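Everything below concerns the one structure shown next.
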Amino acid sequence: MKDRKNSSLLRRLEKFQRLFFVALLSVLAVGAFAQSKTVSGTVLDKTGESVIGASVVVKGTTNGTITDFDGKFTLQNVPDNGTIQVSFVGYKTVDIQVKGQSTVKIILEEDTETLDEVVVVGYGVQKKSDVTGAMARVGSEELNTRPVNNAFEALQGKAAGVDITSSERPGTVGSIRIRGNRSISASSDPLYVVDGVPLSAGGIETINPRDIESIDILKDASSTAIYGSRGANGVILITTKRGKAGRLALNYSGSVTLETLKDKSPAMSASDYITWRRWAYYNSDPVNNPRGDQPNYDKDQIYFAASGDPTALANVNKGWNNGTWDGSRVTDTDWADIVTQTGITHEHTISGSGGNETAQAFFSIGYLNNQGTQKGQEYERYNFSMSVDLQVKPWFKMGGSINGSWAVQDYGYSRTGQSSGSGPVDIYSAAKAIPRFGVPYDEEGNIITNPCGSTTNVYTVIDEWNKSTDNRQTFRALGSFYGQFDFGKIWAPLEGLSYKISFGPDFRHYRQGIFISKDSAVKMGSKNYAKYATDRYLSWTLDNQINYNKTFGKHNLGVTLLQSASKYNKESGSESANAIPNENFEWYNMGSVDITDAATYGAGMSTGMSENQLASYMARINYAYNDRYLLTVSGRYDGSSVLADGHKWSFFPSAALGWRIDQEDFMKDISWINQLKLRFGLGTTGNSAVSAYSTLGNIQSFYVPFGSTLTPAYATNEPYYTSSQVKMANKDLGWEKTTQYNYGVDFSFLNGRISGSMDIYHSNTNDLLLSMTIPTLTGFNSTYANVGKTKNFGVDLSLNLVPIQTKDFEWSSTINAAYQKDEIVELANGKQDDISNAWFIGESINVFYGTASDGLWQESDAAEMAKFNANGHKFEAGMVKPVDQDGNYIIDSNDRIILGNKNPKWVLGWSNTFNYKGLELGIELNGRFGYMVDTGGEGQYGMYNQREISYWTPDNTGADYQKPIYSTAGGDAYSSLLGFKDASFIKIRNISLGYNFNSKALKNIGISSLKLYAQAKNIGNLYSSVDFMDLDLGTTYYNRGFTFGLQVGF
1 MKDRKNSSLL RRLEKFQRLF FVALLSVLAV GAFAQSKTVS GTVLDKTGES VIGASVVVKG
61 TTNGTITDFD GKFTLQNVPD NGTIQVSFVG YKTVDIQVKG QSTVKIILEE DTETLDEVVV
121 VGYGVQKKSD VTGAMARVGS EELNTRPVNN AFEALQGKAA GVDITSSERP GTVGSIRIRG
181 NRSISASSDP LYVVDGVPLS AGGIETINPR DIESIDILKD ASSTAIYGSR GANGVILITT
241 KRGKAGRLAL NYSGSVTLET LKDKSPAMSA SDYITWRRWA YYNSDPVNNP RGDQPNYDKD
301 QIYFAASGDP TALANVNKGW NNGTWDGSRV TDTDWADIVT QTGITHEHTI SGSGGNETAQ
361 AFFSIGYLNN QGTQKGQEYE RYNFSMSVDL QVKPWFKMGG SINGSWAVQD YGYSRTGQSS
421 GSGPVDIYSA AKAIPRFGVP YDEEGNIITN PCGSTTNVYT VIDEWNKSTD NRQTFRALGS
481 FYGQFDFGKI WAPLEGLSYK ISFGPDFRHY RQGIFISKDS AVKMGSKNYA KYATDRYLSW
541 TLDNQINYNK TFGKHNLGVT LLQSASKYNK ESGSESANAI PNENFEWYNM GSVDITDAAT
601 YGAGMSTGMS ENQLASYMAR INYAYNDRYL LTVSGRYDGS SVLADGHKWS FFPSAALGWR
661 IDQEDFMKDI SWINQLKLRF GLGTTGNSAV SAYSTLGNIQ SFYVPFGSTL TPAYATNEPY
721 YTSSQVKMAN KDLGWEKTTQ YNYGVDFSFL NGRISGSMDI YHSNTNDLLL SMTIPTLTGF
781 NSTYANVGKT KNFGVDLSLN LVPIQTKDFE WSSTINAAYQ KDEIVELANG KQDDISNAWF
841 IGESINVFYG TASDGLWQES DAAEMAKFNA NGHKFEAGMV KPVDQDGNYI IDSNDRIILG
901 NKNPKWVLGW SNTFNYKGLE LGIELNGRFG YMVDTGGEGQ YGMYNQREIS YWTPDNTGAD
961 YQKPIYSTAG GDAYSSLLGF KDASFIKIRN ISLGYNFNSK ALKNIGISSL KLYAQAKNIG
1021 NLYSSVDFMD LDLGTTYYNR GFTFGLQVGF
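Under full-length UniProt numbering, the sequence shown has 249 at position 249, and the numbering climbs by one with no breaks.
Here's what the structure looks like:
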């Protein structure tokens, strides 16, 4: 296996090496267009610093170049009476008359109006000052403030109204929500658009974060309505890096991260667990068992007698060696330490960019290896990106980009196909479940399968990372190609009119292979198990777009017309079986399985296909009068194949107004206000995020083996396949629609020292896509229908501050805060609650519903307990005390209430950067507030290991948790009620320290930029309402790491 993996790795490296040299030669060829010189010069800012990458052209021609890292340039074929025009983003354009000069020096001044950068708004770009919708932008500098494995992580805390959860498993991403939830059952995931191409499946985890130029997030309906049916949950526009005119520029970025697993709530030691289990036996039968703090040798022989292996009891008896109990003599096995390791992550990216005024190219190759802190978990990814833009004619431009990735994820410990029961989701959780008085090996060095003598789901974890394999491979290729005609360059009266055709294919292939050896503890020595599954996704989008942009005096007009078509296809297949004869073949020997012999192989197989199409027409008008009054109107007409005939098409309009108050004459004398803009927008978006065949009656196939029964009435005499309709069709299923209103203000004061935006929004979602219960006389239980309503309200605040700014020192701070509350207005049965799904009118979409607790019963509560016990309860001092809401001394379903919201009301991000000359210190925090988490409580019935807690005993009545009660069926019936807790926290996510070397000192060795940095990840919490859990992940453990990195440009 190992040799095969190594040879495969070498082949992939050889392929990437060849691709690297091809890409390098391509960019060098493009860069070779830069020719000889006639006029040379230097471009500086007002402080005397070089302006790198400034555009220098002969005015009125396409003859031009850009400045190098010293701010210098050379330009040929410049007429003696010509004019050189110099421009750079954020500076005023300068015209210099040559007048026979061969050397010039040019000073650029900052332009506060152009400092509000150009942003991507979907099917085009706009100056940020002209944007009327609610949006947020995260640039490449912010994305790369800390090395991350995917762009999900880089966005955390960077945009108001965007809530991102994390995952510590290598290769697995969390979730992202923009302005909360609006739908109950349909997807709440945003739409991802990469270089104009909507992604068909998955998110942005396959894209190298180093290749991203910017991420623009469209939040309100006036912005997202141009994406119609796919814009209901927000849109994330990802723009990857492209080539720039100038000499060939090479860049390398790399980092190494060392991580260790930090557990905020470790397991009990062997001695503490033994005492705890004694208490559990005592509380289950106090008449026949001594107290837990009164050790008894004879009772221990019963409590810890091994039903499987005797080594656990022998270890406990070490504590009785001298006839008196001494828990320190018992071997204490740290099972968690056995399955953890120092996780090492290293990532490397090499990129190049270059070209001239007519051709620009960019390429990038990247490699990531993320070894997890849990043994058996690893993620490896190769990335390749390339783009070319060609100005073929003055009136015709074409280009394209390709982003490819190959990823291999070793998911880690798997219990798929285990012999019986269920268990932990990862190997660390499995290790924590083993009591620490169990030992891993017997005296002869053999692995003990059941270290504690238990045969119920408590298995050894020794070497399980090699015996239970879950390997997942993903190949993805995303393309974006375009051709653009500028009709104004063909015929002057058509100035401003252009046509663009774009084609974006998206291909993804996913393969999962699972193999569980018969020697694995979860198989209990039965049979080898294997599973092989594949998914193939193929989609494409074709856009035809007409743009018209023209200025008529004080009137600025922009028109966009779009026709779009897209198609999505997925094919999948899966097969699994036991009794795989040769484990060396893992999942590659499925052909040896006889699927008709269910008794031996337990085989299963399935295939499937899903396909849908979307057709669209869109029009958008942008109008500005005198750079003061702004208007955006758009409408999109979408037709989706997943909906019923007669309901496939719908129209999604939007409109937005903007008023740039800072441009008014009465504001001219108020020098401290640089920008002040009011915005209002409204729009309607749709959601058709249901399966492709929800409107049809679903048919399910059944395989009926020889001699079995499909139903009690029909016995089989021979094996056969049959089909049955399992869900009723709904020919009236249509769009789920959301109408949203947004009120916003953008501001910039004191020359940009204070800037930001605030938005208030509310939305109404109608015709929810829900599964509705129907009368059984129809022959079915449910069908999908458009029923129910929700509403959503929130506030987004983004604030950028520069509290201190001197020649050598600057402190900049960014605060992003968001408040959000959703509410159910109607359900399938109108104004009635749906208790079975915990959906309640007037409450949030995702809530915890159950019985509340009032701490623990105490001896002083004997009289009250007696009233409950008279009605069949068996409450005792030390048990959980549930709240009797109706006061009848019976705890039943009538006592259930809404305990809290699963989603945060407040989300906070705070970034601070301190720069002193070349030294840079960064601190990033984020937090959530106003929601609840279910920690699971503490069952405490003695079968599994127990984390260190304060539990009730007669001498510890003020404990956090109830008394343990030994029981194979579970202890205290209400123990889980103690698991519901407030989940507010503020986390120090990252602290970084870097140094940017002076470019002037580097130029002699051919280096344009150099940065060294070190970072600390997940330092800890400034505040946490639950001290034993990482609330960001929802587990008691998380990864803490240190990173060392390098960025260098040539």
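Built from N, CA and C at the ideal position, the CB exists for glycine as well. These numbers come from a predicted model, not from an experiment.
{"query": "DSSP on residue 163, reduced to helix/strand/coil?", "result": "strand"}
{"query": "Spatial neighbours of residue 165 within its chain, please: C-beta separation below 6 Å, excluding the five flanking residues on both sides.", "result": "174 and 175"}
{"query": "Using C-beta distances below 6 Å, list every residue in its chain close to residue 512, excluding the 5 sequence neighbours before and after it, in chain order.", "result": "472 and 533"}
{"query": "Looking at the strands, I want to know which residues DSSP matches up with residue 605.", "result": "575"}
{"query": "Quick check on DSSP: helix, strand or coil for residue 949?", "result": "coil"}
{"query": "With DSSP collapsed to three states, give me the class of residue 537.", "result": "strand"}
{"query": "Around the C-beta of residue 609, are 16 or more other C-beta atoms found within 10 angstroms, so that it is buried, or is it exposed?", "result": "exposed"}
{"query": "Quick check on residue 301: does DSSP put it in helix, strand or coil?", "result": "helix"}
{"query": "Assign residue 865 to one of three DSSP states: helix, strand, or coil.", "result": "helix"}
{"query": "Looking at the strands, I want to know which residues DSSP matches up with residue 346.", "result": "256 and 369"}
{"query": "As an exercise, report each continuous alpha helix (DSSP H) stretch of at least 4 residues that is fully enclosed by the segment 177-230, in chain order.", "result": "221-224"}
{"query": "Taking a contact to mean a Cβ-Cβ separation below 8 Å, would you say residue 377 touches residue 147 in this structure?", "result": "no"}
{"query": "Is it true that the segment 213-221 meets the segment 518-531, where meeting means three or more beta-carbon pairs spaced less than 8 Å apart?", "result": "no"}
{"query": "So the candidates are 1046, 1041 and 1048; which of them puts its Cα closest to the Cα of residue 343?", "result": "1041"}
{"query": "So for residue 330, helix, strand or coil by DSSP?", "result": "coil"}
{"query": "Should the segment 850-868 be regarded as contacting the segment 815-823, the criterion being three or more beta carbon pairs within less than 8 Å?", "result": "no"}
{"query": "Comparing C-alpha positions only, which one of 67, 128, 120 and 85 sits nearest to residue 757?", "result": "128"}
{"query": "Relative to the C-alpha of residue 497, which residue among 504, 488 and 503 is closest?", "result": "488"}
{"query": "Which one of 188, 304, 40 and 353 has the shortest CA to CA distance from residue 250?", "result": "353"}
{"query": "Leaving out five residues before and five after residue 604 in sequence, what residues of the same chain have Cβ atoms less than 6 Å from its Cβ?", "result": "576"}
{"query": "Would you kindly check if the distance between the Cβ of residue 281 and the Cβ of residue 291 is under 8 Å?", "result": "no"}
{"query": "Ignore the nearest five residues each way along the sequence and tell me which others in residue 330's own chain have a CB closer than 8 Å to its CB.", "result": "270, 271, 274, 315, 316, 318, 319 and 437"}
{"query": "Under 8 Å by Cβ, that's how I've got residue 848 and residue 980 pegged, so tell me the actual separation to the nearest angstrom.", "result": "6 Å"}
{"query": "DSSP three-state call for residue 279: helix, strand or coil?", "result": "helix"}
{"query": "Put residue 464 into one of helix, strand or coil per three-state DSSP.", "result": "helix"}
{"query": "Could you tell me the alpha carbon to alpha carbon distance between residue 115 and residue 247, rounded to whole angstroms?", "result": "Low local confidence applies: a pLDDT of 48 at residue 115 is under 50, so the model's placement there is unreliable, with the coordinate-based value given in what follows. Each residue's alpha carbon lies about 26 Å from the other."}
{"query": "So, under 8 Å CB-CB, residue 469 and residue 514 are touching, yes? Tell me the CB distance rounded to an integer number of Å.", "result": "7 Å"}
{"query": "Taking all protein chains shown into account, do 16 or more other C-beta atoms lie within 10 angstroms of the C-beta of residue 1021, making it buried, or fewer, making it exposed?", "result": "buried"}
{"query": "I'd like to check one pair, residue 853 with residue 1031: are the Cβ atoms closer than 8 Å?", "result": "no"}
{"query": "Return the Cβ separation of residue 65 and residue 56 in integer angstroms, given the expectation that the two are a contact with Cβ distance under 8 Å.", "result": "5 Å"}
{"query": "Using the Cα positions of residue 939 and residue 967, report the straight-line distance between them to the nearest angstrom.", "result": "10 Å"}
{"query": "Using three-state DSSP, classify residue 735 as helix, strand or coil.", "result": "coil"}
{"query": "Within 10 Å of its beta-carbon, does residue 1018 have 16 or more other beta-carbons around it, so buried, or fewer, so exposed?", "result": "buried"}
{"query": "Would you kindly check if the distance between the Cβ of residue 399 and the Cβ of residue 383 is under 8 Å?", "result": "no"}
{"query": "What residues in its chain sit with their C-beta under 7 Å from that of residue 168, if we drop five residues either side in the sequence?", "result": "1033, 1038 and 1039"}
{"query": "Counting Cβ pairs, one atom from each stretch, are 3 or more of them under 8 Å apart for the segment 761-771 and the segment 734-743?", "result": "yes"}
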